[in-house]
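Participant:
Numbering (my numbering), first residue to last: 83 to 243.
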């Protein structure tokens with residue numbers, strides 16, 4: 083999630099909470115809930131990796147029950163991108179850091195959220211409709227992204243670890 087965050091803009095210093103400082107996985111949604119409750123006048127957007135989202139999937143019930151008008155974007159490449167470099171090597175099986183494609187949108191619907199799976203620009207109309215209102219429940223965007231081999235931008239940082 084570090085790479086996508088470089089392309090997000092925020093209105094001020096109170097508009098961003100980055101949970102990756104200690105390479106934590108699974109805290110993004112809980113942090114987003116906290117931000118939504120702390121600043122009810124703002125539109126909270128929680129940007130999560132699919133691994134972290136699945137670790138905290140039960141929190142979707144909390145978001146829906148509270149009726150928080152927030153957007154949850156799940157970058158879904160069917161794996162723990164950062165972990166690929168920790169597990170890389172000639173004799174290492176990467177099955178521990180990759181998992182089957184998961185329909186995160188269907189899971190969110192089951193918890194009472196609005197949800198859409200996005201593979202391209204054509205599916206973004208649902209987001210515009212949700213933003214237009216009434217925003218009485220959260221919107222989860224299951225953004226299917228290409229697997230780039232696991233956070234390519236961290237390959238150098240983890241070399242030798």
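Think of the CB as a built atom: it goes at the ideal place given N, C-alpha and C, for glycine as much as any other residue. Note that the coordinates shown come from a computational prediction; the quantities given were computed from them, not determined experimentally.
Applying the criterion that 16 or more other CB atoms from any shown protein chain within 10 Å of the CB defines a buried residue, is residue 143 buried or exposed?
Facilitator: exposed
Participant: So, with DSSP's three-state summary, where would you put residue 133?
Facilitator: helix
Participant: Measure the CB-CB distance between residue 150 and residue 118 and report whether it falls below 8 Å.
Facilitator: Their beta carbons are under 8 Å apart, which means residue 150 touches residue 118 by this criterion.
Participant: Got a sec? Which residues, its chain only, sit under 7 Å from residue 227 by beta carbon, not counting five neighbours each side?
Facilitator: 157, 158, 159
Participant: Using a Cβ-Cβ distance cut-off of 8 Å, determine whether residue 221 contacts chain C.
Facilitator: You won't find chain C in this structure, because it holds only one protein chain.
Participant: Does the count of Cβ pairs from the stretch 108-127 and the stretch 180-191 closer than 8 Å reach three?
Facilitator: no
Participant: Between 147, 135, 132, 98, which has its C-alpha nearest residue 126's C-alpha?
Facilitator: 98
Participant: Mind checking which residues open and close the alpha helix (DSSP H) that includes residue 190?
Facilitator: Taken as a continuous stretch (DSSP letters only), the alpha helix (DSSP H) holding residue 190 covers 186-192.
Participant: Whose CA, out of 94, 225, 132, lies closest to the CA of residue 197?
Facilitator: Each of 94, 225, 132 was checked against the Cα of residue 197, and the nearest Cα belongs to 225.
Participant: May I have the straight-line CA-CA distance separating residue 46 from residue 181, to the nearest angstrom?
Facilitator: Residue 46 is absent from the structure shown; the chain starts at 83 and stops at 243.
Participant: Beta carbon of residue 152, beta carbon of residue 216: below 8 Å?
Facilitator: no
Participant: For residue 244, collect the residues of the same chain with a Cβ closer than 6 Å to its Cβ; drop the 5 residues on either side in sequence, then sort them by chain order.
Facilitator: The chain is shown from 83 up to 243; residue 244 falls before or after that span and cannot be answered.
Participant: Please give me, in chain order, every unbroken run of the alpha helix (DSSP H) with length at least 4 that falls completely inside the stretch 91-161.
Facilitator: 110-120, 132-137, 141-148
Participant: For residue 228, list the residues DSSP reports as bridge partners.
Facilitator: In the DSSP secondary-structure assignment, residue 228 is not bridged to any residue.
Participant: DSSP three-state call for residue 166: helix, strand or coil?
Facilitator: Residue state for residue 166 is assigned as helix, using DSSP reduced to three classes.
Participant: Run through the DSSP bridge pairs and tell me what residue 221 is partnered with.
Facilitator: 153, 196
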